[in-house]
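For reference, each letter of the sequence shown is one residue, going 81 to 991 in the numbering used here. Backbone N, C-alpha and C define an ideal beta-carbon position, used for all residues, glycine too.
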Amino acid sequence: MLFILHRTSTSLEHETASLSMQLRNSVFSQLENAARFLSPLNSSTSTLSNILTSSTPLNGTDHLSFNFIQQKVAPWLLAALSTIPYVSHASYVGEDGLMFSYNINPAGIFATFSNSSSSCYTQLVDGHSGELWGQGVRCGGREKGLVFVYDAVTLGGKGLISLAYPTQVVSDHFAHLALQNADLLHLATRDGRALVETKLNGATVHVRNGTVSVEAVDVNGRVEEKTGFYSCSKADGGELTRFCLKIRGSQHILYCSTLEIGGIQSVYVVSFPTESSAHKKRIKAFVLVIAFVVAVIVVTCIMITRAAQQELVLSADLANQMEAERKSMNKSVAFVSACHDIRTALVAISGLIDLCRATAKPEPELTSNLDQMSSCAMDLLGILNSILDTSKIEAGKMQLEEEEFNVAKLVEDVVDLFYPLSMKKGVDIVLDATDCSIFKHSVVKGDRAKLKQILCNLLSNATKFTSQGHISVRAKVSKRNQITRGEEDDGCMDYIFEVDDTGEGIPKEMRALVFDNFVQVKETALGQGTGLGLGIIRSLVHLMGGEIKIVDKDEGERGTCFRFNVVFTACQGTHTSNDGYPVGSFGMPLASRSDASHVILFLTGNERRKVTENLMRRLGLRVSIAKTISDIVNVLNVIDTLSESNNAASILIVLDANAASISDLSCVSGQGIHKLQCEIVWVENPMKPKESEVMDDENRIPASHHILSRPLHGSYLYRILQLLPEFRPSRNKEIHSLPEDCLVEHEATSVANEIEVVVVSENDQVGDNKALNGKNVLLVEDDRTLCMLATTILQKLGATLHVCKDGKEAFDLVCTTLKNKASIPFDYIFMDCKMPLMDGFEATRLIRKEEAAYGIHTPIIAVTAYFTPDEVNQAMDAGMDFHLLKPLTMQNVLNLHTELTTLRFIPHKIP
């Protein structure tokens, strides 16, 4: 590398020398061009003499008179002075001593003349006309030092014509030349008269008859070194004279040559330093390059060392990471297996509790304890499901299962599910759908189970942390933003939900963290649970194309308001579901203001009263709010007065049975009713005993009145409004009572973290039902406890039972039975999905292949503790027909048997 640098440096040195030679030549050319720029005096003087000779009659005259000189010669002298560049003196001198000249100085143009050989005068001249101004001033002869050189030519033998340059013009012209990397030491005539003095300190130049000598002096004026006299004439080859001299410690190369300035022969001396700035910079550059190379080598060595160390660290980290991944995979496998075992144990506990209930009915305390045990088991199962959901979301395996459903009904079902639990705490839970948009676009296509899980989780938290006030659930629909909506999103709409409570609230500084997994709000002193709920909610909302956040409430308001949106495809068409729920629209015509019915609301809950009033007013009804019993009487009197002059309007009175004593309310509501068309609806607290069981006749609700034991919102409010004539399904049909299912009370159940809740009405006669009498059933279950539970249930139902511990044993039994019997071996096969040796999916596939050879098909029911969409698809692909969740209950088995019988899905031979 150093060799390359040396070669590069040598090449640069040659290029620098060549460039220096070019620069020196350019300096010499610059000096010569500057000399040519000054017009030669000899040619100008000769030209002026020839012009005067040809234009002025001089022949025949021995001497020229002063008048002749002033009139004929002087104008030409002034013209030459004005037109020839840099000329500052023009004169004529006769043989007889007569003289006339023009001179230029800073004061103007002056004429100097002598009309006799003994006197001389100076007078100012007009530069335009050439006339003399003022009086002449006597002078003592021409001033010395005004010109440095002149040229004279005879004028026809009668005198001399001369022109001269000023000294300062020549000096300034050469002194201002910018000579690159050179110094003009001296410029003088051949006889030694200096024109431009040296600019280089420490050098003295002597010129004599065209030769040059240079002395080097120190700061004290002592001569240090002196050269001889060198001739400045150019050699035959045109080369300049060159010699060297050390001046003030620096070596210089000096060149001298001749110049012709205005026709006058002159000499000059130019100095060049031998160590130019380029040479110095080259040395510095070489040193810097060497330093750079050394630095690069050092840095490279350091980087190589560090890279090796880093590679060793990365290799160790990679090995640790691979080891950690291996352990994590092992842990995941063990975790899945443990979750399955835990879920199986919890399901077994729940099943055992259900079996114990049958013998615990005579003992209320034991029954209560069993109920609490069952609730705790369900809570543990919910926590386990949350952990599994979190793992599935983090692994990216959570997928949407889209189906068509009624989103308005789903929201109402979730609210009704939590209504008994919240009423136990004295907290009212209200469904607010005032703008009715959720009813207009209620039939959608999306993931019903995940939306229900989100709402259940939010309502579970709101119910848990709200001890007074109310919980509002708001739902509305809006069109998607044009910016975020794509071409494939046609028909998609934003469904916006809010869960607003009046509980303890969440501090603002914690709002950004509550949606992270395993984060709880400890500041409220109510921190409970695992901290997984809101993290799962956010992941599910994002999966459904929405966002979730905590909305700021007005100043002074308590609690927390969660708002989230999801994207669903709104299905076209408007219809009403079989259960009377309005689908596609609210299903009600708007009443005209002139004959609208009148509604009197006497409700205790402020939020429910406000929501109900706003909805009824939106539907065109006239609404009056009664806060006391006397307000009801006053409103009825006003309506009675107005009805005498106008057509009597229908009246609906909604009474809260908890607002006052039933006897007082019945007495007030009965006043004047016979004169008016009134319908009275009582809203009861479902958590209180029914009035027919505990109340006496005085506090009993009149039989002609309607009783609502459900929350006053959604479909129940819709059914109440059907009591009014403008909302009745048929004008010819009078409605005297609400549908019977409005009187059914909800049973408080634990719903934390449930994806889907199925309410099954219990049949008290289930224990005596022998629906499976004569049926040959195969049970495949590896867990002894669950196997014992299922065996007990199936035998109680009258089934002939065969039990296998794994899939291989079940497959072998089916094959053996098919070979030994010509008929169908089993009526039903209850198959556990996860078992050792051979799981239920593989066993089902083998059984289906074996059955295909005999042309039969046996119903196979998948039984598992937790069914995910993937497992459902896997069961269908394996050939399973139905699925049930563990533990098996008599009611579930009976429902399945009824469904199979209804569908005529029984073991059969394939034709």
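How would you write the range of the alpha helix (DSSP H) that residue i sits in, first residue to last?
i: proline 155; result: 154–163
i: glycine 920; result: 920–934
i: aspartate 950; result: 949–958
i: glycine 583; result: From DSSP, glycine 583 is part of no alpha helix (DSSP H); its letter is neither H nor E.
With a cut-off of 8 Å on the beta carbons, I'd call residue i and residue j a contact; round off their distance for me.
i: tyrosine 335; j: leucine 320; result: 5 Å
i: phenylalanine 682; j: isoleucine 731; result: Not really, about 13 Å apart at Cβ, beyond 8 Å.
i: lysine 876; j: methionine 970; result: 7 Å
i: aspartate 912; j: threonine 938; result: At roughly 16 Å, the Cβ-Cβ gap does not stay under 8 Å, so aspartate 912 and threonine 938 are not in contact.
i: leucine 212; j: tyrosine 182; result: Not really, about 11 Å apart at Cβ, beyond 8 Å.
i: methionine 915; j: isoleucine 940; result: Rounded, the Cβ-Cβ distance is 14 Å, inconsistent with contact.
i: arginine 688; j: valine 510; result: 5 Å
i: valine 378; j: valine 294; result: Actually they are not in contact, since the Cβ atoms of valine 378 and valine 294 sit about 50 Å apart, beyond 8 Å.
i: cysteine 867; j: arginine 698; result: Contact doesn't hold; Cβ gap of about 58 Å is too wide.
Please say whether residue j and residue i have beta carbons closer to each other than 8 Å?
i: isoleucine 787; j: glutamate 764; result: yes
i: alanine 114; j: histidine 266; result: no
i: phenylalanine 577; j: leucine 535; result: yes
i: leucine 128; j: lysine 238; result: no
i: valine 217; j: tyrosine 201; result: yes
i: threonine 385; j: isoleucine 616; result: no
i: aspartate 298; j: glycine 318; result: no
i: serine 124; j: isoleucine 184; result: no
i: leucine 539; j: valine 487; result: no
Once the 5 residues before and after residue i are set aside, which same chain residues still bring their CB inside 7 Å of it?
i: leucine 701; result: Ala671, Ala676, Ser677, Val679
i: isoleucine 586; result: Val594, Val601, Ile630, Thr640
i: cysteine 651; result: Glu484, Val523, Val524, Lys525
i: leucine 852; result: Leu874, Leu877, Gly878, Ala879, His977
i: cysteine 419; result: Leu464, Leu468
i: arginine 591; result: Ile630
i: threonine 514; result: Val691, Asn694, Leu695, Arg698
i: alanine 268; result: Ala274, Leu275, Val287, Ser346, Val347
i: leucine 450; result: Ile433, Cys436, Arg437, Ala440
i: isoleucine 327; result: Leu280, Gly282, Ala283, Ala296
i: alanine 828; result: Summary for alanine 828: the model assigns pLDDT 31, below 50, so the residue's position carries little reliability, and this model does not support an answer.
Under a Cβ-count criterion, where at least 16 other Cβ atoms within 10 Å of its own Cβ denotes burial, should residue i be classed as buried or exposed?
i: threonine 354; result: exposed
i: serine 454; result: buried
i: cysteine 324; result: exposed
i: histidine 256; result: exposed
i: alanine 315; result: exposed
i: valine 838; result: Residue confidence is low: valine 838 scores 31 on pLDDT, short of 50, so the model does not pin down where it sits. Its coordinate-derived value is still stated next. Per the 10 Å Cβ criterion, exposed.
i: methionine 956; result: exposed
i: methionine 101; result: exposed
i: leucine 392; result: exposed
i: valine 374; result: exposed
i: valine 427; result: buried
i: threonine 546; result: buried
i: glutamine 452; result: exposed
i: threonine 192; result: buried
i: lysine 530; result: buried
i: asparagine 645; result: buried
i: histidine 992; result: There is simply no residue 992 to check, as the chain begins at 81 and stops at 991 in what is shown.
i: alanine 396; result: exposed
Note the first and the last residue of the continuous beta strand (DSSP E) segment covering residue i.
i: arginine 799; result: No beta strand (DSSP E) contains arginine 799, which is instead part of the alpha helix (DSSP H) from 794–801.
i: threonine 291; result: 291–297
i: serine 330; result: 330–341
i: glutamate 483; result: 483–486
i: methionine 911; result: 908–912
i: lysine 899; result: Premise fails: lysine 899 lies in the alpha helix (DSSP H), 887–900, not in any beta strand (DSSP E).
i: aspartate 508; result: 508–512
Please return the same chain residues whose Cβ sits closer than 8 Å to the Cβ of residue i, not counting the five positions on each side in sequence.
i: leucine 893; result: Leu858, His882, Cys884
i: leucine 158; result: Ala170, Tyr182, Ile189, Val205, Gly210
i: alanine 739; result: Phe682, Leu683, Thr684, Leu745
i: phenylalanine 891; result: Met918, Ala923, Leu926, Ile927, Glu930
Is residue i near the ligand HEM - that is, is its Cβ less than 7 Å away from at least one heavy atom of it?
i: serine 517; result: By its list of ligands, the structure shown contains no ligand whatsoever, and the ligand HEM lies outside what it can speak to.
Short of 6 Å in beta carbon distance, which residues of its chain neighbour residue i, apart from the five on each side in sequence? Order them along the chain.
i: glycine 431; result: Leu869, Pro967
i: serine 558; result: Asp574
i: aspartate 863; result: Thr424
Does the CB of residue i have a neighbour CB from chain B at under 8 Å?
i: alanine 375; result: Absent from the structure is chain B; it holds one protein chain and no more.
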